[in-house]
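*Asks:*
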Amino acid sequence: MTDVRPAKTLLAKSCCDEHTGTVDERAPRVALAGNPNVGKSTLFNTLTGARQSVGNWPGKTVSVARGTWRASGGDVTLIDLPGTYSLLPGSPDEALTRDVLVDHGMDGRPDAVVIAVDAANLARNLYLLAQVMETGVPLVVALTMVDVARARGVRVDADRLSALVGAPVVPMVPRRGEGLDALDRAVAEALANPRPPAVPPLGDHVEPALAALAAELPAASTARFPARWLSIALITGEPVPGVPDGTAALARDLGAALVDGDDLGDPEVLVAEQRYAWVHKVIADVVTRRGDTRTTWSDRVDRVLTSRWSGAPIFLAVMWGVFVLTTKAAAPLTAALQALIDGPVAGAAGGALTAIGAGAPVRGLVVDGIIAGVGQLLGFVPLMAIMFVLLAVLEDSGYLARAAFVVDRLMRLIGLPGRAFLPLIVGFGCNVPAVAGTRILADRRHRLLTGLLVPFVTCSARLTVYVLVASVFFGDAAGTVVFAMYVLSIALVIGIGLLLRRTLFRGMAGEPLVLDLPPYRLPTLRLIGTQTWVKLRAFLRTAGGVIVATVTLVWLLSSIPVGQGTFGDTPVEHSVYGVAARTAAPAFAPAGFGDWHNSAALLTGFVAKEAVVSTTAQTYSMSESAGDGELAPALRATFDRTSGGHPLPAVLAFLVFLLAYTPCMATVAAQWAEMGGRLTLFGIGMQLTVAWLLAVAVFQLGSLFW
Amino acid sequence: MTPREATTGAAMRLSRVTGDRRHRRRLVELGFVPGADVSVIARGVNGGLILALGDARVAVDAGTAATLLVEPSHD
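If you want it as structure tokens, here you go:
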């Protein structure tokens, strides 16, 4: 059930600590807590604007967004805690939220907590609020979605709620900026005069047990944890560090006595039910309903979007739309940006360098190395921007949660939740935004597994190579060969997915689907703009260096002569690059294409698959425009020679290798940003191994028949 | 009965959640507590259901739906 927490993860989960400059360590700290999908991140974005950074919590693997809120009483550091339904930790994200609220031994604890409570879905939100109240931390309740609630005929009496909670309650609509001033005043007051909220009673049955335990709690533990929270945690059997075994055992006995005689009895469930009893009492007291609030228009939309008849076709249509937008719509923008860099910018830089008397090597380095690298990087910007906008729209509108429900069963085959479908689909266009798209998955392990699978999804850049090579060798059957590559790609995703689940991701149980569906909403432009900008900035920061460095490195290697020629003016064959390709070639002999032309093309393919065709032409000393007329015979001759008379299996093996090995350095850079260096390197190793084994298998088996 | 046998749109009351401890804990935390108002909003493929749980909407798969015991509600 790890996918019960839908939204929130969009806001840039990066591996790296980026706490730079934006946060003042002396400002008072206020944590934002709340259920997922209650407008918490909207509130965070509205209050902090772009003054935010994402980084790991010190000593934890969970990343949180922090930002500066220019409040009227002075700057406040806002900490956007991961959205959670409960303080009973079921994931590292939830554990962090819990620890931040209860562990006084933790660095960077907040001075006050703003908890976002969804007025349109009070019960579940008040449940979390009840748990936060048990920690005794000074609170401000931001009552969000009051507009949605009002539209459904639900009115919440904020003053009465405030009296019951013992903390200020501020009705607001963060998306429209309503209620921000009142929140500002309430937070300033909570920081100036901190006082604990009320304590939700847990009923005649549980309270005596809590009282009995409270008397036995050691002082060292109550100094570190709030006493009320500690008693409840211990009675429900939760392990708490530093508590003597005797106290823990006593608590367990008290807990067991509470549920004596019930076969499904569990103190944890009992306490949760008691909290809900309080919640329902509060709701009866503060909520007034008008008219029939049972079936909303959102429900009627759901009947269509998720039905067993129309659900799948609509889902496929939406995914097709995402695919078309991330491929077709981005293409002209990408081309224009690259033309600008390659043409005017490179020309101007070259001219300027000549004017100041720079030699050919320096011009080459700057123009063909660094500027070309920046051009490659900028080429990805429209694509990534479109991807991030689409993610934000799908997520904010509420459709993504429905889509996840529709394909859940299918994705479960490889142990991933339904929403993992989106990054994989996007991968058919380009793997780079697909890797970034894994952020829609709330669970870190799901993100990592999906991120490792994305490179096996055959992207459109690989298609250009399939088409060229297949049309040279397979004539009329070229279409079938290309189609087979797509089938193989899907088979690889499923196969590798199953394999990884049984090995590296073994603990990841197939959790049943219990998915909270947010109401449908119109996404706001400002929100989408902020989210897209924050994520795009993070991409440029982390991936930028890798891409520019790789392109520059490849230029350098192909410019350094070995034996003959001069720097910057040497045929590829006699450059360091050519020599490296020659050295790598024998490794591909078992796959039937052990020739330096092929390995040079594959080396380039590591940088960008788009460049494979041009490199192939270059290695035969032809221009890219030479076309089939000259290139085809040369290619045929090479494969005839290397395959020992079985060119077709060798070509198939070459294509299979091309499909399965590392897509491009931009994907590597994106993976590095999303999942860190270790797993990225593991992924590259896995891709090369799979690609090589498959290629060898295809050639060895194929040459038996052809 | 479980929500799978219930009529779409009919008001029901949750009487019990079965299944292992972890599963029950998660469901209880989401508000699936005895006495909660439940109704089926929509039916998806493979027996999945979209349930109304008070004001909340929750999608569950067939397996999860089978762990919820409900009875008709008369108010």
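One line per chain: the protein sequences are C and B, in this order. The opening residue of the first sequence carries number 487 in my numbering; numbering runs sequentially from there. The opening residue of the second sequence carries number 364 in my numbering; numbering runs sequentially from there. For every residue, glycine included, the Cβ atom is placed at its ideal position computed from N, Cα and C. Because the structure is a prediction, the values reported are computed rather than measured.
1) If I'm right that Val921(C) touches Gly937(C) with Cβ under 8 Å, what's the distance once you round it to whole angstroms?
2) Can you give the beta carbon distance from Val853(C) to Ala832(C), rounded, assuming they're within the 8 Å contact cut?
3) Taking 8 Å as the threshold, find out whether the segment 704-724 of chain C comes into contact with the segment 624-640 of chain C through three or more Cβ pairs.
4) Where do the N-terminal and C-terminal ends of the alpha helix (DSSP H) with Gly833(C) fall, by residue?
5) Step through the CB atoms of chain B and report whether any lies within less than 8 Å of the CB of Leu608(C).
6) May I ask you to report which of helix, strand or coil DSSP gives Val726(C)?
7) Looking only at C-alpha atoms, which of Glu1116(C), Tyr1106(C), Asp670(C), Met658(C) sits nearest to Pro1057(C)?
8) Is Arg789(C) close to chain B? Criterion is C-beta to C-beta, closer than 8 Å.
9) Would you mind sorting Pro868(C) into buried or exposed? The rule is 16 or more other CB atoms within 10 Å of its CB.
10) How long is the line joining the alpha carbons of Phe809(C) and Leu699(C), rounded to whole angstroms?
11) Roughly how many angstroms lie between the CA atoms of Arg930(C) and Val940(C), to the nearest whole one?
12) Enumerate, from N- to C-terminal direction, the unbroken beta strand (DSSP E) stretches of 3 or more residues contained entirely within the segment 629-678 of chain C.
13) Using a Cβ-Cβ cutoff of 9 Å, what residues of the segment 373-398 of chain B are near chain C? List them in chain order.
14) My guess is that Gly663(C) and Thr532(C) are in contact by the Cβ rule of under 8 Å, so how many angstroms apart are they, rounded?
15) With a 10 Å radius around its C-beta and 16 neighbouring C-beta atoms as the bar for buried, classify Arg992(C) as buried or exposed.
16) Which two residues bound the contiguous beta strand (DSSP E) that contains Ser558(C)?
17) For Ile1046(C), does the three-state DSSP call read helix, strand or coil?
18) When you compare each of Arg584(C), Thr840(C), Asp670(C), Ala1181(C) to Arg556(C) by their alpha carbons, which one comes out closest?
19) Contact criterion: CB-CB distance below 8 Å. Does Arg367(B) meet it with respect to chain C?
20) Using CA atoms only, rank isn't needed, just tell me which of Phe874(C), Val912(C), Gly1049(C), Ala1086(C) is closest to Leu1022(C).
21) Flag this pair as yes or no: are the beta carbons of Gly407(B) and Phe891(C) separated by less than 8 Å?
22) State yes or no: is the C-beta of Val804(C) within less than 8 Å of the C-beta of Thr1153(C)?
23) Rounded to the nearest angstrom, what separates Gly689(C) and Leu608(C) at their Cα positions?
24) Report the residue from Ala405(B), Ala419(B), Asp418(B), His437(B) whose alpha carbon sits nearest the alpha carbon of Pro366(B).
25) Are there 16 or more other CB atoms within 10 angstroms of the CB of Ala737(C), so buried, or fewer, so exposed?
26) Who are the neighbours of Leu574(C) on chain B, taking C-beta pairs under 8 Å?
27) Hey, Ala1097(C) and Trp1082(C) are a contact pair by Cβ (cut 8 Å); roughly how many whole angstroms apart?
28) Assuming Gly732(C) contacts Ala706(C) under a Cβ cut-off of 8 Å, what Cβ separation, rounded to an integer in Å, is found between them?
29) Assign Arg379(B) to one of three DSSP states: helix, strand, or coil.
30) Which residue marks the beginning of the alpha helix (DSSP H) containing Gly859(C), and which one marks its end?
31) Mind checking if Asp962(C) is an interface residue toward chain B, Cβ cutoff 8 Å exclusive?
32) Cα separation between Met364(B) and Val401(B)?
33) Mind the definition here: the segment 622-632 of chain C touches the segment 769-776 of chain C only if three or more C-beta pairs lie below 8 Å; say whether that holds.
34) Using the DSSP secondary-structure output, state which residues sit across from Gln538(C) in a beta bridge.
35) Quick check on His932(C): buried or exposed, where buried means 16 or more other Cβ atoms within 10 Å of its Cβ?
36) Going by DSSP in three states, Cys1150(C) sits in which element: helix, strand or coil?
*Replies:* Based on what the coordinates show:
1) Reading the first sequence from its first residue, position 435 is the one you call residue 921(C). Reading the first sequence from its first residue, position 451 is the one you call residue 937(C). Indeed they touch by this definition, with Cβ atoms about 6 Å apart.
2) Start at 1 with the first residue of the first sequence, and residue 853(C) comes out as number 367. Start at 1 with the first residue of the first sequence, and residue 832(C) comes out as number 346. Right, the Cβ-Cβ distance comes to about 5 Å (below 8 Å), so this counts as a contact.
3) Result no; under three Cβ-Cβ pairs closer than 8 Å.
4) Here residue 833(C) corresponds to residue number 347 of the first sequence, with the count starting at 1. It spans 832-841 - the alpha helix (DSSP H) in which Gly833(C) sits, taken as one unbroken run.
5) In the first sequence, counting from the first residue as 1, residue 608(C) sits at position 122. With 8 Å as the cut-off, Leu608(C) counts as an interface residue toward chain B.
6) Residue numbering aside, residue 726(C) sits at position 240 when the first sequence is read from its first letter. In this structure, Val726(C) counts as coil in the three-state DSSP scheme.
7) Working through the first sequence from its first residue, we reach residue 1057(C) at position 571. For the residues Glu1116(C), Tyr1106(C), Asp670(C), Met658(C), the minimum Cα distance to Pro1057(C) belongs to Tyr1106(C).
8) Position 303 of the first sequence, counting from 1, holds the residue named residue 789(C). Chain B contact via Cβ: present.
9) One-based indexing of the first sequence puts residue 868(C) at position 382. Classification of Pro868(C): buried, given that the 10 Å Cβ count is 16 or more.
10) Locating residue 809(C) in the first sequence gives position 323, where the first residue counts as 1. Locating residue 699(C) in the first sequence gives position 213, where the first residue counts as 1. Whole-angstrom Cα-Cα distance: 58 Å.
11) For this step, residue 930(C) is matched to residue 444 along the first sequence. For this step, residue 940(C) is matched to residue 454 along the first sequence. Their Cα atoms are separated by approximately 15 Å.
12) 640-642, 655-657
13) Ala374, Arg379, Val380, Thr381, Gly382, Arg384, Arg385, His386, Arg387, Arg388, Arg389, Leu390, Val391, Glu392, Leu393, Gly394, Phe395, Val396, Pro397, Gly398
14) The residue labelled residue 663(C) in the question sits at position 177 within the first sequence. The residue labelled residue 532(C) in the question sits at position 46 within the first sequence. 6 Å between Cβ atoms; contact.
15) In the first sequence, counting from the first residue as 1, residue 992(C) sits at position 506. Per the 10 Å Cβ criterion, exposed.
16) In the first sequence, counting from the first residue as 1, residue 558(C) sits at position 72. Per DSSP, Ser558(C) belongs to no beta strand (DSSP E) and is neither H nor E.
17) For the purposes of this step, residue 1046(C) is taken as the residue at position 560 of the first sequence. Here Ile1046(C) sits in coil by DSSP.
18) For this step, residue 556(C) is matched to residue 70 along the first sequence. The shortest Cα separation from Arg556(C) among Arg584(C), Thr840(C), Asp670(C), Ala1181(C) belongs to Asp670(C).
19) As a first step, residue 367(B) is located in the second sequence; it is residue number 4 there, counting from the start. No, no contact with chain C.
20) As a position in the first sequence, residue 1022(C) is number 536, starting the count at 1. Looking at the Cα atoms, Phe874(C) is the closest of the given residues.
21) As a first step, residue 407(B) is located in the second sequence; it is residue number 44 there, counting from the start. As a first step, residue 891(C) is located in the first sequence; it is residue number 405 there, counting from the start. Cβ atoms of Gly407(B) and Phe891(C): closer than 8 Å.
22) In the first sequence, the residue the question calls residue 804(C) occupies position 318. In the first sequence, the residue the question calls residue 1153(C) occupies position 667. No, these two residues do not count as a Cβ contact at 8 Å.
23) In the first sequence, the residue the question calls residue 689(C) occupies position 203. In the first sequence, the residue the question calls residue 608(C) occupies position 122. Gly689(C) and Leu608(C): Cα-Cα distance of roughly 21 Å.
24) By one-based count along the second sequence, residue 366(B) stands at place 3. Comparing Cα positions, the closest option is Ala405(B).
25) In the first sequence, counting from the first residue as 1, residue 737(C) sits at position 251. Under this definition Ala737(C) is a buried residue.
26) Taking the first sequence and counting its residues from 1, one reaches residue 574(C) at position 88. In chain order: Arg388, Glu392.
27) Looking up residue 1097(C) in the first sequence gives position 611. Looking up residue 1082(C) in the first sequence gives position 596. Actually they do not touch by this definition, with Cβ atoms about 17 Å apart.
28) Looking up residue 732(C) in the first sequence gives position 246. Looking up residue 706(C) in the first sequence gives position 220. Contact flag wrong, Cβ pair sits at about 14 Å.
29) On the second sequence, residue 379(B) is found 16 positions in, with the first residue counted as 1. Residue state, collapsed to three classes: strand.
30) As a working note, residue 859(C) is residue 373 in the first sequence. Taken as a continuous stretch (DSSP letters only), the alpha helix (DSSP H) holding Gly859(C) covers 858-883.
31) Taking the first sequence and counting its residues from 1, one reaches residue 962(C) at position 476. Not an interface residue.
32) Numbered from 1 along the second sequence, position 1 holds the residue referred to as residue 364(B). Numbered from 1 along the second sequence, position 38 holds the residue referred to as residue 401(B). If you draw a straight line from the Cα of Met364(B) to the Cα of Val401(B), it is about 13 Å long.
33) no
34) Your numbering for residue 538(C) matches position 52 in the first sequence. DSSP lists Gly553(C) as the beta-bridge partner residues of Gln538(C).
35) In the first sequence, residue 932(C) corresponds to position 446, counting from 1. Under this definition His932(C) is a buried residue.
36) For the purposes of this step, residue 1150(C) is identified with residue 664 of the first sequence, where counting begins at 1. Note: Cys1150(C) maps to coil in three-state DSSP.
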